[in-house]
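Everything on this sheet refers to the single structure shown next.
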Amino acid sequence: MEYYPFISVIVPIKNFERTIEKSFQYLFNVDYPHERWEIIIADGGSTDKTVDIIKEWQKKYPFIKLVEIPNCPSPGYARNKALQSVKGDFIFFTDADCTPCKDWVKIMLSHFKRDSQIAAVGG
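One gets this note's numbering by counting positions in the sequence shown from 1 and adding 840 to each.
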C-alpha cells in the first residue's frame, strides 16, 4: 500500500466570486487522497462574495481552511500568512486562476522521494 504524506495546498485569492467554484473543481480533480490534504485559502480582503462562497464549501469539505487577511498588500503576503497555519508535511502553492494537472501533487512528491536532499520543487 502506498504511503501518502499529509500535504497543505495554499491558494491566495481576492475577489474571485465568479471563478472560485471552478478553482475548487480543478483542485478536487487532483489525484491525491482528500483525507491526506488540507486546502488553505488565503483571502486577501475580498469585497465581493468570495468569502461567503468559501464558507459554504467548508460546510461540505472540512479540509478547506480559510485564512482572512484584511488589507492584504500582495498575494505573496497572503501566502506567508497562510504558512502560519499549515499542518502538512509538504507545502504546495498554486493560484486561484491556475489549473493544476491531475498528477500535479504526485509529480512534485516524486522528486522528494527520489532525493531526500531536495528542499523545494517548482513546476
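From the three backbone atoms N, C-alpha and C, an ideal C-beta is built for every residue, glycine too.
Going by C-alpha distance, which of the options is nearest residue i?
i           : options                        : result
leucine 949 : Ala936, Thr934, Asp929, Asn911 : Asp929
alanine 936 : Glu857, Val945, Glu842         : Glu857
Kindly indicate the opening and closing residues of the beta strand (DSSP E) around residue i.
i              : result
isoleucine 905 : The sequence given here places lysine at residue 905; isoleucine does not occur at that position. 904-908 is the extent of the beta strand (DSSP E) around lysine 905.
Go ahead and pull the three-state DSSP assignment for residue i.
i                 : result
valine 849        : strand
phenylalanine 933 : strand
lysine 895        : helix
proline 915       : helix
asparagine 855    : coil
From which residue to which residue does the alpha helix (DSSP H) around residue i run?
i                 : result
aspartate 883     : Looking at the DSSP string, aspartate 883 is not in any alpha helix (DSSP H); the run it does join, the beta strand (DSSP E), is 877-883.
phenylalanine 868 : 860-868
tryptophan 947    : Here residue 947 is isoleucine; the residue named in the question, tryptophan, does not match the sequence. Isoleucine 947 -> alpha helix (DSSP H) spans 944-954.
Are residue i and residue j touching if we call contact CB-CB under 8 Å?
i             : j              : result
threonine 808 : isoleucine 853 : This structure gives no information on residue 808, because the portion of the chain shown stretches from 841 to 963.
Can you give me the C-alpha to C-alpha distance between residue i and residue j, rounded to a whole angstrom?
i                 : j           : result
asparagine 855    : valine 907  : 14 Å
glutamate 875     : proline 940 : 19 Å
phenylalanine 868 : lysine 953  : 23 Å
Let me see if you follow: with CB-CB separation under 8 Å, is residue i close to chain C or not?
i             : result
glutamate 861 : Checking the listed chains, one finds no chain C in this structure; it contains a single protein chain.
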